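Scroll down for the structure; my scribbles are underneath it.
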Amino acid sequence: MIVTKRKQLDEIAAYIDSYKKFFLIGCYECASLCGTGDEVAIMTLKDWLHKEGKSVTGWFIAKTGCQILGTKKEISAYRELIDEAECIMVLSCGAGTQTLVEFFDGKPVIPVNDTLFIGNMRRFRDFEERCRACGECFLAITGVCVVTLCPKSMLNGPCGGYKDGKCEVNKERKCAWIIAFSILERKNLVEKFYESLLGPKDWSKANSPRTLAREK
Ligand code: SF4
Ligand code: SF4
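First residue of the sequence shown? That's 65 in the working numbering, and the numbers climb one at a time after it.
Structure, rendered in structure tokens:
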């Protein structure tokens, strides 16, 4: 999932200073799981806007904010309420926000959240980055994503700096390769790992902006 965090209110306040009327748009996908795009997040923002002397003409939660065609279709039902607003505030990730930037040419579109990383929810609303979308997945060989969990993205084993199983860059964390080997051992894949030593990573596959047009 894409992990998001609501911006600090004083940062949001600076962006919306010159507007009075707002329409709010959330997202039912990752942002709802993060608590940054669901109904509770929208109501919290709405209450805060009222306290700041602003008004909200309406709100809705997109099924999948980053799905451009679907979101545009859903939004057409709110046209009048949106026309009344001076500014749109979006409670989704950066991709969902840009769906609305494209759609509302004549109005400012303000992101309420910061988009942090692709990760897993370990416990309720407790997230950890697990994938850097490197474009060339090695999980079959490494078991866990060492590209992400190792600060140096070491591909074929630990660097010389790990000590007592801890990472030299962040001593609070286990070395990513200690985690990787314990998983490979449990899955009987250590031998296979040694047979498949990885060459230099092709980072050009991670260059932005990337596109993908699937064959129909
Ligand atoms: S190897 Fe690349 S694609 Fe696979 S999980 Fe890690 S960052 Fe993501
Ligand atoms: S100690 Fe382990 S996790 Fe830390 S940088 Fe070195 S190989 Fe990567």
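In this text, a Cβ means the ideal position worked out from N, Cα and C, and glycines have one as well.
None of these values were measured; they are calculated from a predicted model.
> Alpha carbon to alpha carbon, how far is residue 162 from residue 136?
Replying inline: 12 Å
>> So, with DSSP's three-state summary, where would you put residue 179?
In response: strand
> Looking at C-alpha atoms only, which residue of 262, 228 and 181 is the closest neighbour of residue 218?
Replying inline: 262
> Which same chain residues, not among the five before or five after residue 244, have their C-beta less than 6 Å away from its C-beta?
Replying inline: 206, 207, 208 and 210
>> Residues in the same chain with beta-carbon distance under 6 Å from residue 254, minus the five sequence neighbours each way, listed in chain order, please.
In response: 248
> Are the CB atoms of residue 196 and residue 184 nearer to each other than 7 Å?
Replying inline: no
> residue 86 lies in the beta strand (DSSP E); which residues open and close that run?
Replying inline: 85-91
> Do residue 200 and residue 269 have their C-beta atoms closer together than 7 Å?
Replying inline: yes
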